[in-house]
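First residue of the sequence shown? That's 195 in this note's numbering, and the numbers climb one at a time after it.
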Amino acid sequence: MDIATQNHLRTLRDLLTFRRRELLADVRAAGREERLLVDVQHEVADRKDESARRQSVELLATEEQREREELADVEDALHRLDAGVYGDCADCGDPIPGARLMVQPAARRCAACQSLREAGSGAPGPTT
(Lines of atoms letter the chains of each structure in order from A; the text may use other names.)
(Lines give C-alpha, C1' and ligand atoms only; values in the text may rest on other atoms or scores of the structure.)
Protein backbone atom coordinates (compact mmCIF):
# COMPACT_ATOMS: atom_id res chain seq x y z
CA MET A 195 0.00 0.00 0.00
CA ASP A 196 1.49 3.34 -1.00
CA ILE A 197 1.76 6.45 1.19
CA ALA A 198 -1.09 8.26 -0.59
CA THR A 199 -3.42 5.32 -0.01
CA GLN A 200 -2.38 5.08 3.64
CA ASN A 201 -3.00 8.81 4.12
CA HIS A 202 -6.36 8.54 2.36
CA LEU A 203 -7.42 5.63 4.60
CA ARG A 204 -6.22 7.49 7.70
CA THR A 205 -8.30 10.52 6.69
CA LEU A 206 -11.36 8.31 6.13
CA ARG A 207 -10.84 6.58 9.48
CA ASP A 208 -10.65 10.00 11.16
CA LEU A 209 -13.89 11.08 9.43
CA LEU A 210 -15.65 7.88 10.48
CA THR A 211 -14.38 8.11 14.07
CA PHE A 212 -15.47 11.74 14.36
CA ARG A 213 -18.92 10.93 12.95
CA ARG A 214 -19.22 7.97 15.33
CA ARG A 215 -18.58 10.28 18.31
CA GLU A 216 -21.17 12.76 17.02
CA LEU A 217 -23.79 10.05 16.53
CA LEU A 218 -23.20 8.51 19.96
CA ALA A 219 -23.73 11.93 21.55
CA ASP A 220 -26.84 12.56 19.43
CA VAL A 221 -28.36 9.17 20.30
CA ARG A 222 -27.76 9.75 24.01
CA ALA A 223 -29.26 13.25 23.83
CA ALA A 224 -32.30 12.05 21.88
CA GLY A 225 -32.91 9.32 24.43
CA ARG A 226 -32.78 11.83 27.28
CA GLU A 227 -35.15 14.22 25.48
CA GLU A 228 -37.57 11.41 24.68
CA ARG A 229 -37.58 10.26 28.32
CA LEU A 230 -38.27 13.83 29.48
CA LEU A 231 -41.22 14.12 27.11
CA VAL A 232 -42.61 10.78 28.24
CA ASP A 233 -42.17 11.79 31.89
CA VAL A 234 -44.22 14.97 31.44
CA GLN A 235 -47.20 13.17 29.92
CA HIS A 236 -49.10 13.29 33.23
CA GLU A 237 -48.50 17.06 33.44
CA VAL A 238 -50.11 17.86 30.08
CA ALA A 239 -52.98 20.31 30.50
CA ASP A 240 -55.11 19.77 27.40
CA ARG A 241 -55.51 17.73 24.22
CA LYS A 242 -53.52 20.15 22.08
CA ASP A 243 -50.59 19.92 24.47
CA GLU A 244 -50.89 16.13 24.53
CA SER A 245 -50.97 15.97 20.74
CA ALA A 246 -47.89 18.18 20.47
CA ARG A 247 -46.10 16.07 23.07
CA ARG A 248 -46.94 12.85 21.20
CA GLN A 249 -45.70 14.29 17.93
CA SER A 250 -42.48 15.38 19.60
CA VAL A 251 -41.94 11.92 21.08
CA GLU A 252 -42.58 10.27 17.69
CA LEU A 253 -40.25 12.70 15.91
CA LEU A 254 -37.49 12.12 18.46
CA ALA A 255 -37.93 8.34 18.22
CA THR A 256 -37.71 8.50 14.42
CA GLU A 257 -34.61 10.69 14.55
CA GLU A 258 -32.98 8.45 17.14
CA GLN A 259 -33.66 5.38 14.97
CA ARG A 260 -32.12 7.09 11.92
CA GLU A 261 -29.06 8.02 13.97
CA ARG A 262 -28.75 4.46 15.32
CA GLU A 263 -28.87 3.10 11.75
CA GLU A 264 -26.20 5.56 10.61
CA LEU A 265 -24.11 4.68 13.67
CA ALA A 266 -24.32 0.98 12.72
CA ASP A 267 -23.19 1.87 9.17
CA VAL A 268 -20.25 3.90 10.50
CA GLU A 269 -19.21 1.13 12.90
CA ASP A 270 -19.48 -1.40 10.06
CA ALA A 271 -17.21 0.80 7.92
CA LEU A 272 -14.66 0.97 10.74
CA HIS A 273 -14.75 -2.85 11.00
CA ARG A 274 -14.23 -3.12 7.23
CA LEU A 275 -11.23 -0.80 7.56
CA ASP A 276 -9.78 -3.02 10.29
CA ALA A 277 -10.42 -6.14 8.18
CA GLY A 278 -8.76 -4.63 5.12
CA VAL A 279 -11.87 -4.82 2.93
CA TYR A 280 -12.94 -1.20 3.20
CA GLY A 281 -13.62 0.52 -0.11
CA ASP A 282 -14.76 -2.54 -2.06
CA CYS A 283 -18.36 -2.58 -3.30
CA ALA A 284 -20.43 -5.12 -1.35
CA ASP A 285 -22.35 -6.05 -4.52
CA CYS A 286 -19.95 -6.07 -7.48
CA GLY A 287 -16.63 -6.14 -5.63
CA ASP A 288 -15.14 -3.25 -7.58
CA PRO A 289 -13.31 -0.48 -5.71
CA ILE A 290 -15.55 2.38 -4.57
CA PRO A 291 -14.08 5.63 -5.94
CA GLY A 292 -12.21 7.68 -3.36
CA ALA A 293 -14.31 10.76 -4.11
CA ARG A 294 -17.48 8.84 -3.14
CA LEU A 295 -15.87 7.61 0.07
CA MET A 296 -14.76 11.13 1.01
CA VAL A 297 -18.37 12.33 0.69
CA GLN A 298 -19.92 9.20 2.17
CA PRO A 299 -17.24 7.36 4.18
CA ALA A 300 -19.61 4.60 5.32
CA ALA A 301 -20.67 3.72 1.75
CA ARG A 302 -20.91 -0.03 1.15
CA ARG A 303 -21.55 0.16 -2.56
CA CYS A 304 -20.29 1.94 -5.64
CA ALA A 305 -22.67 4.55 -7.05
CA ALA A 306 -23.89 2.22 -9.83
CA CYS A 307 -24.80 -0.61 -7.45
CA GLN A 308 -26.36 1.80 -4.95
CA SER A 309 -28.50 3.29 -7.72
CA LEU A 310 -29.67 -0.17 -8.75
CA ARG A 311 -30.48 -1.05 -5.14
CA GLU A 312 -32.45 2.16 -4.65
CA ALA A 313 -34.30 1.53 -7.91
CA GLY A 314 -35.41 -1.77 -6.43
CA SER A 315 -33.58 -4.30 -8.57
CA GLY A 316 -30.91 -5.14 -6.00
CA ALA A 317 -28.70 -6.59 -8.76
CA PRO A 318 -24.99 -5.80 -8.84
CA GLY A 319 -23.87 -3.03 -11.12
CA PRO A 320 -21.45 -3.15 -14.01
CA THR A 321 -17.85 -4.03 -13.28
CA THR A 322 -16.24 -1.16 -15.16
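For glycine and all other residues, C-beta sits at the position ideal for the given N, C-alpha and C.
Three or more beta-carbon pairs separated by less than 8 Å link the segment 275-283 to the segment 200-210, which places the two stretches in contact.
For V297, the enclosing alpha helix (DSSP H) begins and ends at G292 to V297. Going by beta carbons, E264 and L217 fall inside the 8 Å limit. By alpha-carbon distance to A255, the top candidate from V221, R311, R214 and A305 is V221.
For R303, no alpha helix (DSSP H) segment is defined, and its DSSP state is neither H nor E. Nearest neighbour of E261 by Cα position, chosen from R311, A301, R302 and A223, turns out to be A223. For D282, the three-state secondary structure derived from DSSP is strand. Our two residues, S309 and D243, have alpha carbons roughly 42 Å apart in a direct line.
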